[in-house]
Amino acid sequence: MCSLKIVGIIVAVVVLLIVGLIIASKRIVKNAKKSQLEMEAANPLPKEKQHLLAYGANIALYRSESPRILPVKVDHETLKEGLSSYWDVSNPEEAVETLEWLLMEGHRARYDELFMALKAGQTFTEEEVGKSQKCYESAQEVMMKQLSFAKSDYDRVDTIAAWDFDRAVNIARWSYIVGYLTEEQAWGYIARAADTGSHFFQSWNDYFISFAFGRAIAYEGDIYDIIWSGKELLKEDGSIWNEFSINRSAVQKV
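Now the structure itself:
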């Protein structure tokens with residue numbers, strides 16, 4: 006009887022902890038969204054510029070930033086350190102070089118061939134492709150389970166280019182904030198990424214699939230930590246992707 010009571014107490018404590026974590030998590034999300042809305046209200050942009058920023062929404066939301074404005078919550082020095090450590094961007098010249106590479110060549114130049122081979126059912130050893138195949142297969146399963154995609158949804162996507170375009174939008178944004186680019190330069194690169202992405206993809210579903218497979222193949226990473234942003238962007242009524250079409254032909258003013 007004593008042991009049963011102890012087990013019961015342990016179960017009750019675990020349940021309370023889980024409930025507490027769920028409540029705390031919801032509060033964090035609510036506060037983050039409130040902060041995001043306050044920043045958007047303080048730094049409003051016209052709709053045509055918000056449309057451009059939609060092509061960087063994956064990384065913006067992954068970093069808990071608004072995809073609708075240029076300013077971010079992170080202070081300038083931390084942003085500079087991040088650009089240098091993770092993106093090899095430490096000055097205006099490197100910012101321009103990186104952005105031109107992402108737009109003109111990018112990871113797709115190296116990995117699209119592997120992506121198409123994996124789509125065709127070819128198999129590789131870890132010595133040949135690292136974790137790319139394993140992560141690619143996992144990404145397929147996660148998107149089907151969490152976003153209700155079918156394998157036929159993957160048939161329309163033949164490039165990981167969204168992995169490059171999303172990065173270009175955000176690196177241009179951050180490079181402007183830290184002073185590596187003028188605002189005019191930043192919007193120029195953002196517009197190029199958006200216009201090119203508009204021609205590459207037929208829908209935001211395709212764009213997210215391309216981005217997710219880019220993470221899986223080029224970065225050799227799982228997509229669990231970006232799937233929630235995909236859900237928000239694709240499923241929530243008020244999301245930037247559900248407000249703007251991926252088609253840029255009707256919106257050219259910057």
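Residue 6 is where the sequence shown starts when you use our numbering, and the numbers rise one by one after that.
All residues carry an ideal CB built from backbone N, CA and C; glycine is no exception.
Check, Outcome
"Over the uninterrupted alpha helix (DSSP H) stretch that includes N96, give me the two end residues.", "It is not in any alpha helix (DSSP H) - N96 carries neither H nor E in the DSSP assignment."
"Counting only the same chain and skipping the five closest in sequence on each side, list residues whose C-beta sits under 8 Å from that of S143.", "A221, D227, I228"
"Count the other C-beta atoms from every protein chain shown that fall within 10 angstroms of the C-beta of M148, then say buried if there are 16 or more, exposed otherwise.", "buried"
"Could you tell me whether the Cβ atoms of Y212 and I251 are closer together than 8 Å?", "yes"
"So, do the stretch 167–183 and the stretch 75–90 have three or more beta carbon pairs nearer to each other than 8 Å?", "yes"
"Hey, quick one: how far does the alpha helix (DSSP H) through K78 stretch, first residue to last?", "Run containing K78: none; DSSP gives neither H nor E here."
"Please state if the CB of R172 and the CB of L107 are separated by a distance shorter than 8 Å.", "yes"
"When you compare each of M44, S157, T187 to E98 by their alpha carbons, which one comes out closest?", "T187"
"DSSP state of D227, grouped into three classes?", "coil"
"What number of angstroms, rounded off, separates the C-alpha of V79 from the C-alpha of V174?", "17 Å"
"Quick check on the DSSP output: the alpha helix (DSSP H) that includes Y67 runs from which residue to which?", "62–67"
"Is M44 closer than 8 Å to I11 when the C-beta atoms are compared?", "no"
"Quick one: give me the first and last residue of the alpha helix (DSSP H) that F213 is part of.", "209–222"
"Could you tell me which of F216, W179, Q127 sits nearest to A191, measuring between CA atoms?", "W179"
"Can you name the start and end residues of the alpha helix (DSSP H) that Q127 belongs to?", "Note, Q127: premise wrong, no alpha helix (DSSP H); not H, not E."
"Going by alpha carbons, who is nearest to V140 out of S254, S153, K124, K54?", "The amino acid occupying residue 140 in the given sequence is Cys; Val does not appear at that position. The residue with the shortest Cα to Cα distance from C140 is K124."
"Straight-line CA distance for L238 to T201?", "20 Å"
"Determine the extent of the alpha helix (DSSP H) in which E189 is found, giving its start and end residues.", "188–205"
"State the start and end residues of the unbroken alpha helix (DSSP H) segment that holds D169.", "166–182"
"So is L57 buried or exposed if we call it buried at 16+ other beta carbons inside 10 Å?", "buried"
"Hey, S215 and V162 are a contact pair by Cβ (cut 8 Å); roughly how many whole angstroms apart?", "5 Å"
"Would you decide whether G61 is buried or exposed? Buried here means 16 or more other CB atoms lie within 10 Å of its CB.", "buried"
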